[in-house]
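Colleague: Quick one: structure below, then a few questions.
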Amino acid sequence: MNRQPAGRALDDYGVANLSPLALRPNHKHDEYSLDRTMNGIVQDETRYDETAGATPTLRSPQVDLKDPIQVHLLTETALLDSQGFEILSQEEVDELKKQAELLSQRVESTRSNLAIQCKYRDAAASMARLGQGGGADDNQSQDSERERIECERKCDELASELLELEKRLLIPHRKIVEHTAAILQLTHKASKKKASQQNGQSLSGIPGSPESLYTYSHGRNSLDQMGDETYFDDSSGYQLDGMERARKNAIEIPLKSPIREQNQIRVELDRLREENTQLRSQTDGLLQKLQGFNMSLRETIIRFNPEVNDGYDEPPEISSIPDAKLEDLLKSQTEYLESGLVAVQAEQEYFAGGNQIGERIETINLQLRDLLMMSDPHYTPTTIPAESDVNGQMAYLEKSIRSVDSQLARANSSSSGANSETGPVLTGLWESIQRGFSEAKKRKDDHRRARAEKGLPEDDDDASDDEGFDTAEPYSLEAFADRVQWMHAQSLTLRDQKYVLKRQIKQQRELNNKSDAEKDEELARKQEDLEQSQEMLSRAEQSATDVQRMLSDAMKELEDARTAAADTVNAAEASVQKREDRIIELEEALAAAQDSLASAERDLSAARSGTSGTEEKIADMTAQMTAVAQAKKAADERIKELETELTQVTAQMTAVAQTKKAADERVKELETELPQVTAQVTALTKERKAADGTTKELEKKLLDMTAQVAAVTQEKKTAHETSKKLEKELAENSTQVAAVAKERKKADENTKKLEKKVADMTAQVAALTQQTKTADETTKELKKELAAKTKQFRVKDDEVDQLNMTIAELKTEVTIARAELDGAYGSRAERAAEVAAIKQSSESLKLQNQVDRLKKELSATVEELEGVTRETIGSEKEKADVEAKLDEALAARTSLETELQKARDKMAKLQEELDGERLKIRTDGARPGAGASMLSERFRATMREERKKFQEDLREERTRCRKLEEELARLKRSQGPGKSPLSPR
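Under numbering that gives the first Met the number 0, think of the first position of the sequence shown as 0, with each following residue one higher.
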């Protein structure tokens with residue numbers, strides 16, 4: 000049972016005004032004082048000589064310093080006794096003084112502890128006597144007796160320790176005094192010889208008359224500088240209350256005197272009455288304090304669960320009736336305190352179970368939030384409530400489920416508009432195809448009309464399958480698919496016609512060996528076949544031109560879409576950079592909050608080591624921990640908000656990347672179709688060259704031009720492939736940026752526990768991200784240059800188209816000339832001469848000049864591409880060097896964090912051991928303050944668990960952050976410097 004007096008803290012054992020004689024039958028304290036008196040340590044106030052000036056001189060009551068003979072005898076005796084004393088050096092004297100000072104401090108400390116333990120012993124004896132006189136239980140009496148015996152044992156131990164220290168203190172004092180006496184002996188002999196010579200005295204040192212004794216100094220100031228009063232002027236000794244009173248009577252009253260006994264009994268009764276009153280007031284104060292503490296405990300229980308614990312019983316009232324037993328009141332208060340502690344423990348267990356449910360609900364909410372963010376880029380998540388707020392977590396879960404339902408409904412309703420992006424492109428292609436068919440139909444009509452005017456019969460070959468198409472038909476996906484399938488069938492038909500033309504050319508060569516008549520007849524027939532083939536070839540070329548024009552339009556639209564996507568990516572990257580700046584600011588604020596948390600923990604440790612049992616300090620520490628928890632909660636909420644914003648930006652970048660990916664796929668499809676059409680054009684051109692057997696030289700020139708066209712087309716294809724690879728690398732870089740942003744978000748969740756060193760390393764990572772951004776900008780510049788080159792290639796394509804038109808015109812002229820030759824029945828030599836004249840015409844020279852100019856431009860373009868390749872390789876090497884430096888910095892940071900974590904673990908372990916040693920208490924229930932100490936001990940254990948949990952969470956977050964950084968470094972290393980897409984193959 001706690002018998003702590005009211006008005007004092009649990010650790011405040013102040014000295015009460017209790018009589019040491021009235022409460023102790025064995026008078027142990029008098030024995031301690033008697034021992035010190037026998038050792039010569041206690042001095043009486045009457046031993047000071049008030050006539051010696053400001054500094055008092057110690058003397059015996061029997062010494063008369065005014066008697067010169069007595070002083071002379073004492074001086075001579077002192078000189079004789081000090082002849083064998085040792086004279087020390089100054090260093091030895093200083094060392095002895097330091098030793099004496101340290102021992103004096105220990106003596107004073109032990110003496111104070113002895114006085115306090117004597118007070119405890121007196122209080123325990125008083126409580127034991129009260130328990131015996133009040134008819135208390137045997138258990139309480141035994142507890143009180145055990146407390147008294149324990150206090151007496153401690154007093155005996157302290158008294159023995161004090162006696163040993165005082166004996167050790169006498170050794171340096173004795174050496175210092177002997178040294179001082181030896182020094183004074185030397186100086187006194189010298190002064191005595193000098194004084195005897197000046198006063199005419201004999202050299203033997205004996206004064207000539209008694210009056211000469213007055214010439215000696217009686218001041219006794221030789222030891223003043225040693226500070227003897229520090230060692231011996233302790234008039235208090237071990238005496239407690241009333242023992243410091245000065246002696247008023249020169250003659251003490253005998254110990255066996257009846258008057259002395261009556262006075263002692265009267266004084267003892269007065270003090271007993273006063274102590275009884277004081278103990279009663281202290282007990283009343285203790286009861287009031289217990290009641291207040293129980294009220295605070297009740298309020299705490301109600302705050303745990305206001306709905307359930309609102310009707311919790313109030314603590315018992317303190318009865319004002321004097322007949323009420325003190326032990327009953329104390330028992331009722333302590334029982335209420337025990338029941339309250341049990342209720343608090345039960346609430347804590349229930350609260351721990353609620354936390355587990357809250358953690359599971361929070362995990363489900365996080366999964367739902369990620370699902371919504373992945374399905375809807377425009378979804379703006381709200382802040383998830385804390386784990387302890389189960390109702391808030393359930394409300395957030397219901398809201399997330401409603402959002403999922405709305406997303407599903409929206410997805411079902413918007414399925415019809417999924418092709419909103421590809422619709423305009425397909426519509427443009429449809430219009431281009433329709434225009435091409437309209438123009439082809441118009442040309443066929445003109446050809447038929449021209450044949451009709453000449454009187455020629457209608458050519459069956461002029462009727463083709465494309466006449467069945469309606470040129471005014473509106474766009475639809477089915478019609479577009481049918482038209483594409485027809486074009487594919489036409490390409491297959493043209494391929495078959497190519498084989499037919501080859502066979503006809505072979506037959507024409509065989510006819511050259513026949514007679515002229517047969518040759519002329521066969522030539523006429525073959526000429527008609529050739530005209531038909533050329534007409535079909537013209538139609539195929541026109542179709543290929545239309546398709547190529549449509550592809551050019553589609554490429555232009557794709558470039559516009561890519562430009563818009565690049566602008567969106569730049570805006571997203573700027574937004575990400577802004578979020579990173581805000582995150583860095585929050586990390587600095589978080590570091591400040593961590594500093595405040597560390598200071599609060601230091602204050603808490605100081606409070607634990609200082610006054611572990613004070614209820615007021617417990618309340619202060621609880622308030623500080625509440626404030627720190629609120630600050631931590633606010634920082635967590637702010638970090639979650641920033642994470643939400645970063646998630647939105649990441650979702651936007653993901654949507655842009657998906658759009659760009661779809662556009663790239665469309666470009667890939669178009670580029671796949673383009674080589675097929677180009678190959679068909681090349682094949683048909685070759686067939687046209689083989690069909691013209693009589694104009695071999697012109698066909699050779701045409702073959703050269705066709706080869707050049709094929710080379711330009713191949714270069715264009717290579718350029719498109721290079722552009723595609725660059726775009727693929729750009730997409731990969733965007734994906735890496737998105738991955739880095741995602742990893743940065745995870746790392747930012749953990750940065751609330753990182754310290755300044757981790758913030759510095761994060762700044763380095765931001766700098767490297769900036770370098771990555773610079774590399775992306777360089778890639779964009781290269782892309783722009785590639786777009787310019789592509790534009791130049793388009794110009795070259797236009798020029799090639801012009802050349803094709805010129806070739807078509809030349810072929811038309813050749814056909815007309817051949818018809819005129821056949822009509823005039825000209826010879827082959829004449830026709831060969833005409834062909835030679837055509838070869839040497841100005842148009843052939845013009846074509847040759849254009850071919851030379853194109854070759855020069857292609858050479859310049861190749862040189863520029865080689866320069867760009869070299870620059871790209873240099874930038875890749877610089878990037879590899881920067882990544883190597885980043886890996887070294889990350890490794891150094893990891894090692895530093897490991898060492899820091901080891902040091903913190905060691906400090907935490909030492910702190911726990913220190914707290915355990917400080918908080919060691921007795922397990923028996925008889926000690927004072929058992930209930931309050933038990934509550935304080937539980938509070939300390941809870942705080943230790945919280946601190947250990949905090950350290951474990953911090954360690955786990957740091958480990959996770961380190962793993963993420965290692966994963967990022969490994970990914971960068973696995974990519975390597977790479978090979979530039981523009982490097983020579």
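Just so you know, even glycine gets a beta-carbon here, dropped at the ideal spot from N, CA and C.
Take the Cβ of T646 as the centre, count every other Cβ of all protein chains shown within 10 Å, and call the residue buried at 16 or more, exposed below.
Modeller: Numbered from its first residue, the sequence shown carries residue 646 at position 647. Buried.
Colleague: Can E999 and R110 be called in contact, C-beta distance under 8 Å?
Modeller: Outside the modelled stretch of the chain, which goes from 0 to 984, sits residue 999, for which no answer is possible.
Colleague: Near G130, which residues of its chain fall below 7 Å by C-beta distance, leaving aside the five closest residues on each side in sequence?
Modeller: What you label residue 130 is simply residue 131 of the sequence shown in a count that begins at 1. Closer than 7 Å at Cβ, skipping near neighbours: Q139, S140, S143.
Colleague: Verify whether the separation of the beta carbon atoms of A181 and S88 is less than 8 Å.
Modeller: Against the sequence shown, residue 181 aligns to sequence position 182. Against the sequence shown, residue 88 aligns to sequence position 89. No, the pair does not count as a contact, with Cβ atoms beyond the cut-off.
Colleague: Taking the Cβ atom as the reference point for each residue, do R961 and E896 lie within a distance shorter than 8 Å?
Modeller: Stepping through the sequence shown from its first residue, residue 961 is reached at position 962. Stepping through the sequence shown from its first residue, residue 896 is reached at position 897. Contact flag set, yes.
Colleague: Name the residue from A439, L844, V403, G454 whose alpha carbon lies nearest to the alpha carbon of D469.
Modeller: On the sequence shown, residue 469 is found 470 positions in, with the first residue counted as 1. Looking at the Cα atoms, A439 is the closest of the given residues.
Colleague: Are the beta-carbon atoms belonging to M549 and S431 less than 8 Å from one another?
Modeller: Here the question's residue 549 lines up with position 550 in the sequence shown. Here the question's residue 431 lines up with position 432 in the sequence shown. Cβ atoms of M549 and S431: closer than 8 Å.
Colleague: Can you give the Cα-Cα distance for E163 and E177, rounded to whole angstroms?
Modeller: Your numbering for residue 163 matches position 164 in the sequence shown. Your numbering for residue 177 matches position 178 in the sequence shown. Spanning the two alpha carbons is a distance of roughly 22 Å.
Colleague: To the nearest angstrom, how far is it from the Cα of S874 to the Cα of V881?
Modeller: For the purposes of this step, residue 874 is taken as the residue at position 875 of the sequence shown. For the purposes of this step, residue 881 is taken as the residue at position 882 of the sequence shown. So the alpha carbons of these two residues sit roughly 11 Å apart.
Colleague: Contact check, Y335 vs N364 under 8 Å by CB: the rounded distance?
Modeller: Mapped onto the sequence shown, residue 335 falls at position 336. Mapped onto the sequence shown, residue 364 falls at position 365. About 42 Å; that fails the 8 Å criterion.
Colleague: Can you give the beta carbon distance from N308 to I300, rounded, assuming they're within the 8 Å contact cut?
Modeller: As a position in the sequence shown, residue 308 is number 309, starting the count at 1. As a position in the sequence shown, residue 300 is number 301, starting the count at 1. Going by Cβ atoms, the distance from N308 to I300 rounds to 5 Å, so yes, they are a contact pair.
Colleague: Determine, using beta carbons only, whether H172 and A99 come nearer to each other than 8 Å.
Modeller: Here residue 172 corresponds to residue number 173 of the sequence shown, with the count starting at 1. Here residue 99 corresponds to residue number 100 of the sequence shown, with the count starting at 1. Yes. Within cutoff.
Colleague: Using the three-state DSSP reduction, which class does R969 fall into: helix, strand or coil?
Modeller: As a working note, residue 969 is residue 970 in the sequence shown. The answer is helix: DSSP assigns R969 an H, G or I state.
Colleague: Who are the Cβ neighbours of Q541 in its own chain at under 7 Å, not counting the five residues just before and after it?
Modeller: If you number the sequence shown from 1, residue 541 lands on position 542. Hits under 7 Å: A439.
Colleague: Distance check for L953 and A891, CA to CA, integer angstroms please.
Modeller: Counting from one through the sequence shown, the residue named residue 891 turns up at place 892. Counting from one through the sequence shown, the residue named residue 953 turns up at place 954. Distance between the alpha carbons of A891 and L953 is about 20 Å.
Colleague: For T653, count neighbouring Cβ atoms within 10 angstroms of its own Cβ and tell me buried if that reaches 16, exposed if not.
Modeller: Walking along the sequence shown from the start, residue 653 turns up at place 654. Buried: at least 16 other Cβ atoms inside 10 Å.
Colleague: Starting from L78 and walking both ways along the alpha helix (DSSP H), at which residues does that stretch end?
Modeller: To locate residue 78, count along the sequence shown from 1; it is residue 79. Element bounds for L78: 67–80.
Colleague: When we look at the beta-carbon of E165 and count the other beta-carbons within 10 Å, is it buried (16 or more) or exposed?
Modeller: The residue given as residue 165 occupies position 166 in the sequence shown. Buried, by the Cβ-count rule.
Colleague: Could you give the DSSP three-state label for I383: helix, strand or coil?
Modeller: Within the sequence shown, the letter at position 384 stands for residue 383. In the structure shown, I383 sits in coil (DSSP, three-state: anything other than H, G, I, E or B).
Colleague: Which class does G454 belong to by DSSP, given the choice of helix, strand or coil?
Modeller: In the sequence shown, counting from the first residue as 1, residue 454 sits at position 455. Three-state DSSP puts G454 in coil, outside helix and strand.
Colleague: Find the nearest neighbour of R793 within the set E509, D552, L79, Q277, judged by alpha-carbon distance.
Modeller: In the sequence shown, residue 793 corresponds to position 794, counting from 1. Among E509, D552, L79, Q277, the Cα nearest to that of R793 is on D552.
Colleague: Kindly indicate which three-state DSSP category P473 falls into: helix, strand or coil?
Modeller: Working through the sequence shown from its first residue, we reach residue 473 at position 474. In this structure, P473 counts as coil in the three-state DSSP scheme.
Colleague: For T382 versus E636, is the C-beta spacing smaller than 8 Å?
Modeller: Taking the first residue of the sequence shown as position 1, residue 382 is located at position 383. Taking the first residue of the sequence shown as position 1, residue 636 is located at position 637. Cβ atoms of T382 and E636: closer than 8 Å.
Colleague: Find out if the Cβ-Cβ distance for the pair A114, R147 is shorter than 8 Å.
Modeller: For the purposes of this step, residue 114 is taken as the residue at position 115 of the sequence shown. For the purposes of this step, residue 147 is taken as the residue at position 148 of the sequence shown. Not in contact: A114 and R147 (Cβ atoms no closer than 8 Å).
Colleague: Look up L87 in the DSSP assignment and say whether it is helix, strand or coil.
Modeller: Translated into positions along the sequence shown, residue 87 becomes position 88. Reduced to three states, the DSSP call for L87 is coil.
Colleague: Thinking just about the alpha-carbon of each residue, which of D312, E306, Q281, K118 is nearest to the one in S295?
Modeller: By one-based count along the sequence shown, residue 295 stands at place 296. Of D312, E306, Q281, K118, the residue nearest in Cα terms is D312.
Colleague: Taking the C-alpha atoms as reference points, what is the distance between L802 and E812?
Modeller: Residue numbering aside, residue 802 sits at position 803 when the sequence shown is read from its first letter. Residue numbering aside, residue 812 sits at position 813 when the sequence shown is read from its first letter. Rounded to the nearest angstrom, the two C-alpha atoms are 15 Å apart.
Colleague: Run the CB neighbour count on A661, radius 10 Å, all protein chains shown included, and call it buried at 16 or more, exposed below.
Modeller: The residue you call residue 661 lines up with position 662 of the sequence shown. A661 should be labelled exposed.
Colleague: Could one say the Cβ of E149 lies closer than 8 Å to chain D's Cβ atoms, at least one of them?
Modeller: You won't find chain D in this structure, because it holds only one protein chain.
Colleague: Can you give, in chain order, each stretch of the beta strand (DSSP E) that sits fully within the region 479–512 and has at least 3 residues?
Modeller: Qualifying beta strand (DSSP E) stretches: none in this window.
Colleague: Between the beta-carbon of Q332 and the beta-carbon of L278, is there less than 8 Å?
Modeller: Against the sequence shown, residue 332 aligns to sequence position 333. Against the sequence shown, residue 278 aligns to sequence position 279. Contact flag unset, no.
Colleague: List the whole-angstrom C-beta distance separating S399 from L367, where the pair is believed to meet the contact cut-off of C-beta under 8 Å.
Modeller: Counting from 1 along the sequence shown, the entry for residue 399 is found at position 400. Counting from 1 along the sequence shown, the entry for residue 367 is found at position 368. Sure, about 4 Å apart at Cβ, within 8 Å.
Colleague: What is the DSSP secondary structure of P423, counted as helix, strand or coil?
Modeller: Working through the sequence shown from its first residue, we reach residue 423 at position 424. Residue state, collapsed to three classes: helix.
Colleague: Do Q507 and K525 have their beta-carbon atoms positioned less than 8 Å apart in this structure?
Modeller: In the sequence shown, residue 525 corresponds to position 526, counting from 1. In the sequence shown, residue 507 corresponds to position 508, counting from 1. Yes, they are a contact pair.
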